[in-house]
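Take -10 as the starting number for the sequence shown in the numbering used here and just add one per residue. In this text, a Cβ means the ideal position worked out from N, Cα and C, and glycines have one as well.
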Amino acid sequence: MIDTHLKEQVREIMANTFGVDENELPDDLSQENYSRWTSLYQMTIMASLEDHFNLIFSMDEMLAMTNLPKILDVLKKRGV
């Protein structure tokens, strides 16, 4: 089940990171289909998520979080 509130929080963090309106983000947001999502933005997103949810991700988790569903999956596994 998708946690709509969690998804909205993550999309808001990502929109703020990319400097765009949340409505501009595709529903299937991923590194492969969103050119703004560079390696630098990846690290910024990870840091923002860690700050927002008071977590510290492992390197494996960060490397796996390459699209919105995977980010949500890791957050859910971490109890968010």
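Nearest candidate by alpha-carbon position, reference residue i, set the options
i, options, result
"residue 16", "56, 69, 67", "56"
"residue 31", "-5, 50, 43", "50"
"residue 28", "44, 13, 7", "7"
Boundaries (first-last residue) of the alpha helix (DSSP H) holding residue i
i, result
"residue 42", "28 to 42"
"residue 14", "Neither: residue 14 is in no alpha helix (DSSP H) and is coded neither H nor E."
"residue -1", "-7 to 7"
"residue 60", "57 to 66"
"residue 48", "48 to 53"
Beta-carbon gap between residue i and residue j smaller than 8 Å
i, j, result
"residue 53", "residue 63", "yes"
"residue 45", "residue -1", "no"
Handout entry: contact_flag[the stretch 38 to 45, the stretch 10 to 26] where n(CB pairs < 8 Å) is 3 or more
Key = no
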